[in-house]
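Engineer:
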Amino acid sequence: MKFTKKEKWVVAGLLAIPTLVTLLLGYPRYESFYATGDIVPIQDLGIDGNVYFTYIEGGVTNNNLEKFLVQMEYFGNDRPVRFQPMTPAEREWEEEEMGDVYKEVVISNALEASGYSEEIDSSQDEKYSHILDQAAEYHGDSFGLMVAIGLVEEESGIDFSQGGKYKIAGTGTMEFDGTVGSIDGIKEKLLTAEEHGVTHFLLPKDEEVYSLYYEGESNQKEAEQYKHTVNPNMKIVPVETLDEALEYLSNLP
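Residues 1 to 253 (full-length UniProt numbering) are what the sequence shown spells out, left to right.
Written out as structure tokens, the structure reads:
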């Protein structure tokens with residue numbers, strides 16, 4: 001059986017389709033993705049406090065196929081997924097699985113900054129191990145600020161929620177000196193907080209320093225842009241340090 005020249009081209013084209021599709025789907029696409037999640041009581045980490053940390057869904061894609069699968073997972077979902085290209089530094093951070101390393105560091109920093117049993121080293125060590133164990137299912141270090149606030153509540157017997165009058169949540173890393181560090185996914189965390197009835201949401205006051213370490217817009221600026229999309233009754237509170245956060249919460253009426 002002989003094929004005409006046209007038929008040969010058609011057959012060749014059909015045979016090439018699977019290869020082209022494979023190449024297209026396998027083409028590198030390094031992106032982070034974010035979707036709204038939940039607020040988690042700090043008590044779930046074994047801390048006797050009354051605040052919450054905000055935990056969103058997210059991850060990374062390495063190629064078009066992975067991105068397509070994520071899009072299908074959220075298709076028709078009332079929680080839209082947002083993609084963002086990754087910088088080389090972010091890719092390296094993810095490949096080296098630095099999230100768990102920084103989680104350990106931020107828990108240690110929160111204990112130090114909060115002054116938790118600072119005169120008893122063994123007490124700090126035990127608390128560190130307990131929190132780290134309870135936090136096993138959570139990735140990253142963005143709960144540092146709220147861990148530190150919860151530890152202050154536990155140590156001092158203070159209830160910043162005033163018996164449930166306020167629902168306080170937030171996000172931000174915790175540095176050794178008590179500085180609140182920047183995080184990812186601020187838009188989704190604001191929306192998550194709103195969905196769960198948060199009255200006061202704490203986040204990094206990082207406008208002046210963000211560009212020294214990262215590309216793009218600061219958490220503070222992003223929050224300013226998105227605040228019109230959330231419930232105006234939710235107070236958005238940028239804080240630079242743990243002390244600033246504690247002062248604000250201590251003065252709630």
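Glycine included, every Cβ here is placed at the ideal spot set by N, Cα and C. Since this is a predicted model, take the numbers as computed values, not measurements.
#1: Grab the span of the beta strand (DSSP E) containing Val60 for me, first residue to last.
#2: May I have the straight-line CA-CA distance separating Lys8 from Tyr30, to the nearest angstrom?
#3: From this set, Val209, Gln71 and Val180, which residue's C-alpha is nearest Leu203's C-alpha?
#4: Can you check DSSP and say which residues form a bridge with Pro238?
#5: Taking Val239 as the reference, give the member of Gly170, Thr229 and Asp184 with the closest Cα.
#6: Going straight from the alpha carbon of Ser123 to that of Gly115, what length do you get?
#7: Would you report the Cα separation of Asp38 and Leu212, rounded to the nearest angstrom?
#8: Using a threshold of 7 Å, is the CB atom of Val70 nearer than that to any non-hydrogen atom of the ligand GDP?
#9: Does the distance from the C-beta atom of His196 to that of Lys235 stay below 8 Å?
#10: Here's the rule: buried if 16 or more other CB atoms are within 10 angstroms of the residue's CB, otherwise exposed. What is Ser129?
#11: Could you compute how far the alpha carbon of Leu57 sits from the alpha carbon of Tyr138?
#12: Give me the residue from Phe160, Asp159 and Val106 with the minimum Cα distance to Ala135.
#13: Taking the alpha helix (DSSP H) that Ile149 falls in, what are its first and last residues?
#14: DSSP three-state label for Phe75, please.
#15: Looking at the structure shown, is Ala35 part of a helix, part of a strand, or coil, going by DSSP?
#16: Going along the chain, which residues of its own chain have a beta-carbon closer than 6 Å to the beta-carbon of Lys103, five neighbours each way excluded?
#17: Since Val230 and Glu194 should fall inside the 8 Å C-beta cutoff, what is the C-beta to C-beta distance between them, to a whole number of angstroms?
#18: Buried or exposed, going by whether 16 or more other CB atoms sit within 10 Å of the CB of Lys165?
Structural biologist: According to the structure data:
#1: As a working note, residue 60 is residue 60 in the sequence shown. That run of the beta strand (DSSP E) goes Tyr52 to Asn63.
#2: Against the sequence shown, residue 8 aligns to sequence position 8. Against the sequence shown, residue 30 aligns to sequence position 30. Legend: pLDDT at Lys8 = 47, less than 50; position of this residue unreliable, no value from coordinates given.
#3: Translated into the one-based positions of the sequence shown, residue 203 becomes position 203. Closest option to Leu203, Cα to Cα, is Val180.
#4: Residue 238 sits at position 238 when you count from the first residue of the sequence shown. Answer by DSSP bridge pairing, in chain order: Leu203.
#5: The residue labelled residue 239 in the question sits at position 239 within the sequence shown. Selected option, being the one with the closest Cα: Gly170.
#6: Within the sequence shown, residue 123 is the residue found at index 123, counting from 1. Within the sequence shown, residue 115 is the residue found at index 115, counting from 1. C-alpha separation (whole angstroms): 11 Å.
#7: If you number the sequence shown from 1, residue 38 lands on position 38. If you number the sequence shown from 1, residue 212 lands on position 212. In this structure, the CA atom of Asp38 is about 30 Å from the CA atom of Leu212.
#8: Summarising the ligand content, the structure contains no ligands, and the ligand GDP is consequently not present.
#9: The sequence position of residue 196 within the sequence shown is 196, counting from 1. The sequence position of residue 235 within the sequence shown is 235, counting from 1. Not closer than 8 Å, so no.
#10: In the sequence shown, residue 129 corresponds to position 129, counting from 1. It counts as exposed.
#11: Numbered from its first residue, the sequence shown carries residue 57 at position 57. Numbered from its first residue, the sequence shown carries residue 138 at position 138. With the sequence shown as reference, residue 57 is identified as Glu, and Leu is not the correct amino acid for it. Distance between the alpha carbons of Glu57 and Tyr138 is about 10 Å.
#12: Here residue 135 refers to the residue found at position 135 of the sequence shown. Nearest option by C-alpha distance: Val106.
#13: Here residue 149 refers to the residue found at position 149 of the sequence shown. Counting along the chain, the alpha helix (DSSP H) containing Ile149 begins and ends at Gly144 to Ser156.
#14: Numbered from its first residue, the sequence shown carries residue 75 at position 75. In the structure shown, Phe75 sits in coil (DSSP, three-state: anything other than H, G, I, E or B).
#15: Within the sequence shown, numbered from 1, the residue matching residue 35 stands at position 35. Strand.
#16: Numbered from its first residue, the sequence shown carries residue 103 at position 103. Cβ neighbours of Lys103 beyond the five flanking positions: Asp141.
#17: Translated into positions along the sequence shown, residue 230 becomes position 230. Translated into positions along the sequence shown, residue 194 becomes position 194. With a contact defined as Cβ atoms closer than 8 Å, Val230 and Glu194 qualify at about 4 Å.
#18: Residue mapping note: residue 165 aligns to position 165 of the sequence shown, counting from 1. Classification of Lys165: exposed, given that the 10 Å Cβ count is below 16.
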